[in-house]
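Heads up: the structure comes next, in structure tokens.
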Amino acid sequence: MGGLELTLVGDLLKAENSRISLQQQLAALNNALNDAKGQLRRIPQLEQEQQFLERKILINRTTFESLLKRQQELQLIENQKVNRSRILTEAMVPTQPVSPRVQNNLLLGGVLGGILAIATAIALQSIDTLLRTTDQAKRVFGYTLLGTLPNFGKKWSGKPAVFVRANPSSPISESYRMLQTNLRFLSPTNPAKLIVITSSIPDEGKSTVAANFAAATAQLGKRTLLIDVDMRRPSQQSIWNISSNLGLTELLSDQQILKESAIQTVMPNLGILLAGTPPHNPLSLLDSNHMAALLQECKGIYDYVIIDAPPLLAASDARVLGKLADGILFVVRPDMLNFADAEKAKTLLAQSNLKVLGMVVNGVASTDSSDYKYINSYYSDKEEPSSTPLVGYASYKKSEIK
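In terms of our numbering, the sequence shown opens at residue 2 and continues consecutively.
So, in structure tokens, the structure goes:
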């Protein structure tokens, strides 16, 4: 029995090996069958590709035969051509060159150069982002133009910033008096007494305009108060070359301080209230009942209260003060303000529903201002202002103009 069992076990192992081998062969045959089926499924696609290529061959052959036939026809026609040309008249040798035509070329070059210059100017103007002229400022803002103030240039470097006080009979001073007169004529029966002077951005000269405008008003015999409300970048103390431990900040922070002790008289009929110590939050002081009461009290005492406010796009102070004032005098400086910032400032004023009395264009060229051209011509025989700064005046520097 032992030998029989071994034999059976051996046969069983052989049978198992045969079964495994047959299964592997069966799997290989199934794979081959699947590959064959896949290739069989591609036969219709291959037949379509073959038909497409055969049609393409037929078309190309037909085209080639047509072109070959046309070539043969053209060669036949070329071989049949006969030269039928003959000389009718002998050419004359010119006595002067036919080309280049110097006069015509010069004329054409001048015309093309002019066109190119005009096109270049138009292109440069189209990519220029700054306001350049008074007319551009009028078109962008649409406010009433109350006055234009000249660009002083290098000859005014080192001169007093308050031109009206230093040279009351100069053309510059007359420009400020015309501004004051135009402002009064806006409403003769009910003139604006509490006026905020601001601009779109810093360095447009609004602080210098405020100082000279206040001086011009005082010279007309009007009791005038100039308040520096630009607490972040106060300028009036530098413009007038004065200082004080008391200012607007101290008045609004401590109601026990008398305003008379903080106001300094700098010329007849003109007092100045400086900004004072820069506070941590200027807007909280300006947008307060105490500020509103202070302005109303000053309005009852003075003929005019001029407020030097921060630029519109730099702080919200000007809009808050505009609600308390009779109106805003808006300063615009060409070659400093770009169109995008001008539109932003105009939108802010419109959204705040503030009354804009008008605008003054500052720093214009004499060729851009007909008003100043006439004023300057009228005063041309007068003596030029002294080149030596007077004591008590600030030098006219761009860093002091906002």
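For every residue, glycine included, the Cβ atom is placed at its ideal position computed from N, Cα and C.
Here the structure is a predicted model, which is why all the values come from computation and not from measurement.
Short of 6 Å from the beta carbon of GLU205, and not among the five residues preceding or following it, lie these beta carbons of its own chain, in chain order: VAL332, ARG334, MET337. For TYR303, no beta strand (DSSP E) segment is defined, and its DSSP state is neither H nor E. Straight through space, the alpha carbons of ASN35 and ALA28 are spaced by roughly 10 Å. GLY115 has its alpha-carbon roughly 43 Å from the corresponding atom of GLU91.
Around the beta carbon of ILE60, a 10 Å sphere encloses fewer than 16 other beta carbons of the protein chains shown; the residue is thus reported as exposed. The way I'd put it, the region 130-150 does touch the region 174-184; three or more beta-carbon pairs between them come closer than 8 Å.
With a cutoff of 7 Å on beta-carbon distance, VAL141 and ALA217 are scored as not near each other. Excluding its 5 nearest sequence neighbours in each direction, PHE340 has C-beta neighbours in its own chain below 7 Å: THR130, LEU132, VAL141, listed in chain order. SER201 and ALA343 do touch by the CB rule: their CB atoms are close to 6 Å apart, below 8 Å. Taken through DSSP and simplified to helix, strand or coil, VAL112 comes out as helix.
Bounds of any beta strand (DSSP E) do not take in LEU325; it lies within the alpha helix (DSSP H) bounded by 318-325. Each residue's CA atom was taken as its position, placing ASP327 and ALA366 some 31 Å apart. DSSP places THR218 in the uninterrupted alpha helix (DSSP H) bounded by 207-220. By alpha-carbon distance to LYS324, the top candidate from THR348, LYS347, MET292, TYR303 is MET292. A direct Cα-Cα distance of roughly 60 Å separates GLN237 from LEU108. Note on geometry: alpha-carbon atoms of GLY222 and THR134 lie some 34 Å from one another. ASP229 sits in a strand when the DSSP states are folded into three classes. ARG56 counts as exposed, since fewer than 16 other beta carbons sit within 10 angstroms of its beta carbon. A contact is defined here as three or more CB-CB pairs under 8 Å, and the region 305-318 meets this definition with respect to the region 271-291.
For ASN363, no alpha helix (DSSP H) run applies; the uninterrupted beta strand (DSSP E) run containing it begins and ends at 357-365, by DSSP.
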